[in-house]
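Residue numbers (full-length UniProt numbering): 1 to 131.
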């Protein structure tokens, strides 16, 4: 196994550990907001804000090992990645809820499969890309 592939696999494992923690935290937040009567689209937006902040910090330090002080540039790239993923997530969630009649909790859980893949690719090859 090449060094580059091994590094990517290690990063993928770390990303999934961080993502598991972040997803549990933010999904709990989303579910709580929906339970309290907040519209699922607003709950999703709130979930993304919290998840972006937590995920950026944990992935920057732990997953991709960035310790430079260029945080504003990296965070700007993270916001772009998150906005793209948010659009994908919202579209999938909307289709599952409005067209397939699935409940809001299950729909978001299913949508997370695409979110994880798109976030890893965006963060590895765009946000925290090694030069």
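Yeah, the Cβ is synthetic: ideal placement off N, Cα and C, and Gly gets one too.
Within 10 Å of its beta-carbon, does residue 108 have 16 or more other beta-carbons around it, so buried, or fewer, so exposed? buried
DSSP-derived helix/strand/coil call for residue 29: helix
Is it buried or exposed for residue 11, if we count other Cβ within 10 angstroms and need 16 for buried? buried
Along the chain, which unbroken stretches of the alpha helix (DSSP H) at least 4 residues long are found entirely within the UniProt domain "GtrA/DPMS transmembrane" (14-128)? 40-58, 71-94 and 104-122
Can you tell me whether DSSP reads residue 6 as helix, strand or coil? helix
Candidates 1, 18 and 118: which alpha carbon is nearest residue 65's? 18
Among 45, 72, 130 and 42, which has the Cα closest to the Cα of residue 135? Because residue 135 is not part of the residues shown, which for the chain are 1 to 131, the question remains open.
Among the residues of its own chain, which have a CB less than 8 Å from the CB of residue 79, if the five just before and after it don't count? 52
Is the segment 40-52 touching the segment 16-30 in the sense that three or more CB pairs, one from each, lie closer than 8 Å? yes
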